[in-house]
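Enquirer: In my numbering, the protein residues as written are 7 to 271. I am attaching a structure below and will ask some questions about it afterwards.
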């Protein structure tokens, strides 16, 4: 198989075409086009509509009834609130360290998609340089992932402090705010970027049947080391089998994985 060459492609809102999503991913003569999109409100709305339409035909059974959903929401709010109270000081200390390092805003928000393709701003402690998104096209060739999620061991955009807070998952702590707001759950498939979702097949789209999460199966069993297809399989497994007990088990596994820095980059 010839080496895949990733190239930047500017795409307009009118070019988002569902349900023929797979047409975005073109492999001919060793070239794979990966669109870099700056989604405006209209484009996000169209993307969400396409996701909903695709999910209408999904054959994946979503486990858990109203009782489970109520428990999950109450647990999410309580756990996230306690987590923020306990971790506010160390999170603030790292935010200060990031600011001192390059005088930039220590917090970072990025548009992600959650249940049914609903867009929201996901919060993080900034682990990259201020103009990281503008430099994305320059580092695509370093992508180690075999799928749609970008992954690199030597991403030059990552700062000195960023390497540590990524390895320890400290950069994810502000997402507890997203959990309290209802954008995310403690456990659920990791929310993808819009530029990733436009490349999804209908099978990949099933990840968006439930609310996105702070942690998921792949972060417990390999985390960033897991191949993309297995990542999707693990998310579908969660959607089919989720329960209060399963969530608690995954939370405990996540804590263990973070402490061992298993698969974190």
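Every residue, glycine too, gets a C-beta built ideally from N, C-alpha and C.
1) For residue 179, name the three-state secondary structure that DSSP assigns.
2) Could I get the ranges of all uninterrupted alpha helix (DSSP H) runs contained in the stretch 166 to 229, with 4 residues as the minimum, in chain order?
3) Within 10 angstroms of its Cβ, does residue 84 collect 16 or more other Cβ (buried), or is it exposed?
4) Scan the stretch 47 to 71 and note each continuous alpha helix (DSSP H) run of 4 residues or more that stays entirely inside, going in chain order.
5) Going straight from the alpha carbon of residue 171 to that of residue 127, what length do you get?
6) Going by DSSP, which residues form a beta bridge with residue 130?
7) Where does residue 162 land, buried or exposed, given buried means 16+ other C-beta within 10 angstroms?
8) Looking at the structure shown, is residue 96 part of a helix, part of a strand, or coil, going by DSSP?
9) Measure from the alpha carbon of residue 134 to the alpha carbon of each residue in 201, 168, 179, then state which is nearest.
10) What's the C-alpha gap between residue 173 and residue 265?
11) Return the CA-CA distance between residue 273 and residue 65, expressed in angstroms with no decimal places.
12) Is it buried or exposed, residue 87, if we count other Cβ atoms within 10 angstroms and call 16 or more buried?
13) Assign residue 188 to one of two classes, buried (16 or more other C-beta atoms within 10 Å of its C-beta) or exposed (fewer than that).
14) Take residue 51 as the anchor and find which of 204, 219, 243 has the nearest alpha-carbon.
15) Pull up the distance between the alpha-carbon of residue 216 and that of residue 68, whole angstroms please.
16) If you check the beta carbons only, do residue 185 and residue 193 fall under 8 angstroms apart?
17) Between residue 183 and residue 90, what straight-line distance do the alpha-carbon atoms span, to the nearest angstrom?
18) Near residue 107, what residues of its chain come up, given a Cβ to Cβ distance below 8 angstroms and the 5 sequence neighbours on each side ignored?
19) Near residue 100, which residues of its chain fall below 8 angstroms by C-beta distance, leaving aside the five closest residues on each side in sequence?
20) If I measure Cβ to Cβ from residue 296 and keep anything under 6 angstroms in the same chain, skipping five residues before and after, which residues do I get?
21) How would you call residue 104, buried or exposed, if buried means at least 16 neighbouring beta carbons within 10 angstroms?
22) To the nearest whole angstrom, what separates the beta carbons of residue 256 and residue 122, a pair I think is in contact under 8 angstroms?
23) Express the C-alpha separation of residue 59 and residue 72 in angstroms, rounding to a whole number.
24) Going by the beta-carbon positions, is the gap between residue 197 and residue 190 smaller than 8 angstroms?
Expert: With the structure as the only source:
1) coil
2) 166 to 173, 181 to 187, 200 to 203, 208 to 211, 223 to 226
3) exposed
4) Whole alpha helix (DSSP H) segments, 4+ residues: 47 to 61.
5) 20 angstroms
6) 114
7) exposed
8) helix
9) 168
10) About 10 angstroms.
11) Examination of residue 273 is not possible in this model, given that the chain is present from 7 through 271 alone.
12) exposed
13) exposed
14) 204
15) 8 angstroms
16) no
17) Computed Cα separation, rounded: 8 angstroms.
18) 165, 166, 167
19) 112, 131, 167, 171, 176
20) For the chain, the structure presents residues 7 to 271; residue 296 sits outside this window and is missing.
21) buried
22) Taking the Cβ atoms as the reference, residue 256 lies roughly 22 angstroms from residue 122, outside the contact range of under 8 angstroms.
23) The alpha-carbon atoms of residue 72 and residue 59 are separated by roughly 24 angstroms.
24) yes
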